[in-house]
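**Q** Please read through the structure below; I'll follow up with questions.
Protein chains in written order, with the numbering used here: chain A, 85 to 823; chain B, 3 to 162.
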């Protein structure tokens, strides 16, 4: 499809104000007469709260109120299951360090902080369960005893084909045990915001969010208010990566404003973000893969235990998504998968780039790397033999929809990385000598795929509006796109503006995108699941078509009107069906659409220290249509950044539910010096006919293959498999000693 | 409380500041210069980078009173006559900002670097921003933006 604005790397709508420093983030807002709030956090990972004494704190001059559980109209919330208390009251339990006892509101932040230390809490410590495998055993301490007699709150079963035969008749079986780490999102803008009562009496919060529209029912329920009495405004958001799907400050600020009828500001410090907000799920995985001697997969048997931490958050859909990709982008005729979501007293785990599929990509790609090794077959060739194409039958018995670009992505990656294809055989390049004698080079490939949009029969939908200002002859002068879709940095507003300009035949600069304000813009759903380009784009293109029809009617009727508005609600289910997991077999149609990716890492491992350096990296992504190629490259590089940290350095350490990683200085995200010296991004465009202009999604999938590519490359270099990562220098060194 | 007098973005300012006050808070809360961002609050991430007498400092741990009599430059001080500084313009042109929270600090580190070394190698650019963390971009477009800015500024006759 030939396009004019879509496909161009136009400047991001927000770029100029961001480089000026003038664009406001939540902590940049201040209001007349505002108060400041600080949270009093739980001091134990599992304990009964016996007594809370706020008298000393409330007596401190400048303190306005110490809010406790009894002040909360309906003291429960949760993004999917309302299993979290807003504040834990006397007689109730704290279940992790991120539970809250009180909110201190004072005239200054300093006073609020000081008063917080004066709140006296008496706890009765309870037994802590800090390993999900222990938590599954009978007799383990129950984290949510009110929700039943087990810590397991979701078990997914997949039974496909004859799974026992699939492994029994294999020529080769690869068996592994993997542990993927807890990691922190590290969005650079700490959670912050301001709550107030607006001129219409609505409880209003200015804050970061990923789905403003979904914060509203949670807050309305908590305050026992009608939903139209709650308003969320989302200014510039300093990153999210899934970590802002759950509310961190929104409900607390709403509560403060509701109770005090004055503006209340709250800003988390870096340590609060590190120790009191959610993380990525660790997976504990038993995995067996069977294949014929010529490299055809015959079956897999997988057990996944996903640690949810103290509350459910989005664990159920995270695990559902992750499990649906347990075998990756490969045709597997026979499969047995069991996956469990389990409560513990560790940090809550929640959505994070990939939504459970990043962990899956690690396990299925490590299995493929090991299988190639066991078969003495080139890893590209092995993958090529088994990869999906249009119409392939996936793990849950579904047909892969049109637009499968994974073979092309792998082919492009392999060619870029130096492989040669000769008569269907793939031949890897010579790596050349290491930089110094005690280092070893290694090269490896990995693949991945990520669903676009919500899954398993969810009625995922987006509403987008468009307004046209016409001149007297009916030409479009200016366009406003109305959407409450949050732009957390990836450029959703820019992509939507480009698609509007394309659909309406106007220039990119004629289009502006509304601010995210639930009182003024329609709900386009969440900024998550790599969904906005696909689903909000679909809604927008249709709204534009309707607006153009209305404009033509005005011109024909010669009414002289100069304003046209249209709004469209697009439902994903209207173009592709999805269905929930069958309870016994797991068979289903899981997802609407997919993006595909393949990456290659060239590493050098120091045999004396175990340290790994990523020298070169190739990232190929099939996005259907790159709406803005430079933004796609930025997503690829950012996804790889997160994957490099995941693979090598990032680890959120807890002991018996107590965070040992407390500050950013204890948690090593890659600096510019830690990134691959050479990075090549290649974008492939295999269109999805249901996507706007053929587009799929890009945000999440760019992280998926990075860790298994790097860790497989470590094996290629020094012959050790690091199945429990990050592959820190110490872990690699120890593995080399044990070899 | 003592009066802190300093030159901020070319203008003399006087504010009350105590011994415990940090430069970032004075800039943001007293002077309304919100372009200076605070993230980790422990001098680790570089989001709060400003220039003091031309040298980059992490203002979230820099005692405000230490700036007494000194010249402080923040991101708001870079544009001239409303026009973006060449570093800022290059960041826009190569799509460097994603969420943008680290970007003012990145640009200030780049400014300190290019003031000292107008034609740095790629390695020197990386060293120059190695104290600035970014979680969105993987840094490549940021490094390219600084290279582009250096090139453009050299064509125009040096950094200003």
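Just so it is clear, CB atoms sit at the ideal spot from N, CA and C, and this is done for glycine as well.
Here the structure is a predicted model, which is why all the values come from computation and not from measurement.
Output needed in chain order: residues of the stretch 739-768 of chain A with a Cβ under 7 Å from some Cβ in chain B.
**A** Here the close residues are 747, 748, 749, 753, 755, 756, 757, 759, 763.
**Q** At least one CB of chain A closer than 8 Å to the CB of residue 78 (chain B): is that the case?
**A** For the purposes of this step, residue 78 (chain B) is taken as the residue at position 76 of the second chain. Yes, residue 78 (chain B) counts as interfacial toward chain A.
**Q** At the level of alpha carbons, what is the spacing between residue 565 (chain A) and residue 102 (chain A)?
**A** Taking the first chain and counting its residues from 1, the one referred to as residue 565 (chain A) is at position 481. Taking the first chain and counting its residues from 1, the one referred to as residue 102 (chain A) is at position 18. Their backbone Cα atoms lie some 21 Å apart in a straight line.
**Q** Using a threshold of 8 Å, state whether the C-beta atoms of residue 323 (chain A) and residue 272 (chain A) are closer than that.
**A** Along the first chain, read from residue 1 onward, the residue named residue 323 (chain A) stands at position 239. Along the first chain, read from residue 1 onward, the residue named residue 272 (chain A) stands at position 188. Yes, the Cβ-Cβ distance between residue 323 (chain A) and residue 272 (chain A) is below 8 Å.
**Q** DSSP three-state label for residue 47 (chain B), please.
**A** Within the second chain, residue 47 (chain B) is the residue found at index 45, counting from 1. It is coil, neither helix nor strand.
**Q** Spatial neighbours of residue 134 (chain A) within its chain, please: C-beta separation below 6 Å, excluding the five flanking residues on both sides.
**A** For the purposes of this step, residue 134 (chain A) is taken as residue 50 along the first chain, with counting starting at 1. Answer for residue 134 (chain A): 206, 208, listed in chain order.
**Q** For the stretch 139-165 of chain A, which residues have a CB atom closer than 8 Å to at least one CB atom of chain B, in sequence order?
**A** Answer set for the stretch 139-165 of chain A: empty.
**Q** Whole angstroms are fine: how far does the CA of residue 483 (chain A) sit from the CA of residue 477 (chain A)?
**A** Here residue 477 (chain A) corresponds to residue number 393 of the first chain, with the count starting at 1. Here residue 483 (chain A) corresponds to residue number 399 of the first chain, with the count starting at 1. The alpha-carbon atoms of residue 477 (chain A) and residue 483 (chain A) are separated by roughly 5 Å.
**Q** Could you give the distance in angstroms between the alpha-carbon of residue 500 (chain A) and the alpha-carbon of residue 702 (chain A)?
**A** Locating residue 500 (chain A) in the first chain gives position 416, where the first residue counts as 1. Locating residue 702 (chain A) in the first chain gives position 618, where the first residue counts as 1. Answer to the nearest angstrom: the Cα atoms are 7 Å apart.
**Q** Pull out every residue of the stretch 93-114 of chain B whose Cβ sits closer than 9 Å to any Cβ of chain A, in chain order.
**A** Listed by position along the chain: 93, 94, 95, 96, 97, 98, 99, 100, 101, 102, 103, 104, 105, 106, 109.
**Q** To the nearest angstrom, report how far apart residue 761 (chain A) and residue 151 (chain B) are at their CA atoms.
**A** Numbered from its first residue, the first chain carries residue 761 (chain A) at position 677. Numbered from its first residue, the second chain carries residue 151 (chain B) at position 149. Taking the straight line from one Cα to the other gives about 21 Å.
**Q** Among residues of its own chain, excluding the 5 on either side of residue 161 (chain B), which ones have a beta-carbon nearer than 7 Å to its beta-carbon?
**A** By 1-based counting over the second chain, the position of residue 161 (chain B) is 159. Unreliable placement is indicated for residue 161 (chain B), whose pLDDT of 46 sits below 50; the coordinate value is still reported in the next sentence. Contacts found: 116, 117, 120, 155.
**Q** Please report the residue range of the alpha helix (DSSP H) in which residue 437 (chain A) lies.
**A** Numbered from 1 along the first chain, position 353 holds the residue referred to as residue 437 (chain A). Here residue 437 (chain A) belongs to no alpha helix (DSSP H), and DSSP marks it neither H nor E.
**Q** Closest to residue 109 (chain B) by C-alpha separation, out of B:23, B:59, B:3, B:123, would be which residue?
**A** Start at 1 with the first residue of the second chain, and residue 109 (chain B) comes out as number 107. Residue B:59 is the option with its Cα nearest to residue 109 (chain B).
**Q** Please identify, using Cβ separations under 7 Å, the residues of the stretch 267-282 of chain A that lie next to chain B, in order along the chain.
**A** Within the stretch 267-282 of chain A, the qualifying residues are 270, 271, 272, 273, 274.
**Q** Taking buried to mean at least 16 other C-beta atoms within 10 Å of its own C-beta, is residue 680 (chain A) buried or exposed?
**A** In the first chain, the residue the question calls residue 680 (chain A) occupies position 596. Per the 10 Å Cβ criterion, buried.
**Q** Apart from the five residues on each side of it in sequence, which residues of its chain come closer than 7 Å, Cβ to Cβ, to residue 731 (chain A)?
**A** Residue numbering aside, residue 731 (chain A) sits at position 647 when the first chain is read from its first letter. Closer than 7 Å at Cβ, skipping near neighbours: 790, 791, 794, 795, 809, 810, 811.
**Q** What does a CB cutoff of less than 6 Å around residue 137 (chain A) pick up in its chain, not counting 5 residues either side in sequence?
**A** Position 53 of the first chain, counted from the first residue, corresponds to residue 137 (chain A). The answer, listed in chain order, is 204.
**Q** List in chain order: all unbroken alpha helix (DSSP H) runs of 4+ residues lying wholly within the stretch 492-519 of chain A.
**A** With a minimum length of 4 residues, no continuous alpha helix (DSSP H) run stays inside the stretch 492-519 of chain A.
**Q** For residue 107 (chain A), does the three-state DSSP call read helix, strand or coil?
**A** For this step, residue 107 (chain A) is matched to residue 23 along the first chain. Note: residue 107 (chain A) maps to coil in three-state DSSP.
**Q** Is there a Cβ from chain B that is less than 8 Å from the Cβ of residue 99 (chain A)?
**A** Start at 1 with the first residue of the first chain, and residue 99 (chain A) comes out as number 15. Yes, residue 99 (chain A) counts as interfacial toward chain B.
**Q** Skipping 5 residues on each side, what residues in its chain have a beta carbon closer than 8 Å to that of residue 555 (chain A)?
**A** For the purposes of this step, residue 555 (chain A) is taken as residue 471 along the first chain, with counting starting at 1. If we look at residue 555 (chain A) and ignore the five residues flanking it on each side, its Cβ neighbours are 561, 646.
**Q** Could you say which of A:285, A:332, A:596, A:261 lies nearest to residue 296 (chain A) if we only look at CA atoms?
**A** Residue mapping note: residue 296 (chain A) aligns to position 212 of the first chain, counting from 1. When only C-alpha atoms are compared, the closest one is A:332.
**Q** Using DSSP with H/G/I as helix, E/B as strand and the rest coil, what is residue 446 (chain A)?
**A** Position 362 of the first chain, counted from the first residue, corresponds to residue 446 (chain A). Reduced to three states, the DSSP call for residue 446 (chain A) is helix.
**Q** Nearest to residue 363 (chain A) by CA position, among A:326, A:410, A:496, is which residue?
**A** Along the first chain, one-based indexing puts residue 363 (chain A) at 279. Ranking A:326, A:410, A:496 by Cα distance to residue 363 (chain A) puts A:326 first.
**Q** Going along the stretch 345-359 of chain A in order, which residues come within less than 7 Å of chain B, judged by CB to CB distance?
**A** Within the stretch 345-359 of chain A, the residues whose Cβ lies closer than 7 Å to some Cβ of chain B are 353, 354, listed in chain order.
**Q** At what residue ranges does the stretch 529-616 of chain A contain a whole run of the beta strand (DSSP E), taking only runs of 3 or more?
**A** With a minimum length of 3 residues, the continuous beta strand (DSSP E) runs that stay inside the stretch 529-616 of chain A are 545-554, 560-566, 595-597.
**Q** Could you tell me the alpha carbon to alpha carbon distance between residue 342 (chain A) and residue 174 (chain A), rounded to whole angstroms?
**A** The count along the first chain starts at 1 and reaches residue 342 (chain A) at position 258. The count along the first chain starts at 1 and reaches residue 174 (chain A) at position 90. Near 22 Å, if we compare the C-alpha coordinates of residue 174 (chain A) and residue 342 (chain A).
**Q** What are the uninterrupted segments assigned as alpha helix (DSSP H) that are 4 or more residues long and contained completely in the stretch 728-785 of chain A, given in chain order?
**A** With a minimum length of 4 residues, no continuous alpha helix (DSSP H) run stays inside the stretch 728-785 of chain A.
**Q** When you compare the CB of residue 5 (chain B) with every CB in chain A, is at least one pair closer than 8 Å?
**A** Within the second chain, residue 5 (chain B) is the residue found at index 3, counting from 1. Chain A contact via Cβ: absent.
**Q** For chain A, check one thing: does any of its Cβ atoms lie closer than 8 Å to the Cβ of residue 20 (chain B)?
**A** For this step, residue 20 (chain B) is matched to residue 18 along the second chain. With 8 Å as the cut-off, residue 20 (chain B) does not count as an interface residue toward chain A.
**Q** What did DSSP end up calling residue 131 (chain A) once you bin it into helix, strand or coil?
**A** Residue numbering aside, residue 131 (chain A) sits at position 47 when the first chain is read from its first letter. Residue 131 (chain A) falls in the strand class under three-state DSSP.
**Q** Check distances from the C-beta atoms of the stretch 106-130 of chain A to those of chain B and list, in chain order, the residues that come in under 7 Å.
**A** Going along the stretch 106-130 of chain A in chain order, one finds 106, 107, 108, 109, 112 with a Cβ nearer than 7 Å to chain B.
**Q** So, under 8 Å CB-CB, residue 78 (chain A) and residue 373 (chain A) are touching, yes? Tell me the CB distance rounded to an integer number of Å.
**A** The structure shown has nothing for residue 78 (chain A), since chain A only spans 85 to 823.
**Q** Identify which residue in A:673, A:246, A:797, A:506 has its Cα closest to the Cα of residue 417 (chain A).
**A** To locate residue 417 (chain A), count along the first chain from 1; it is residue 333. That would be A:246, whose Cα lies nearest to the Cα of residue 417 (chain A).
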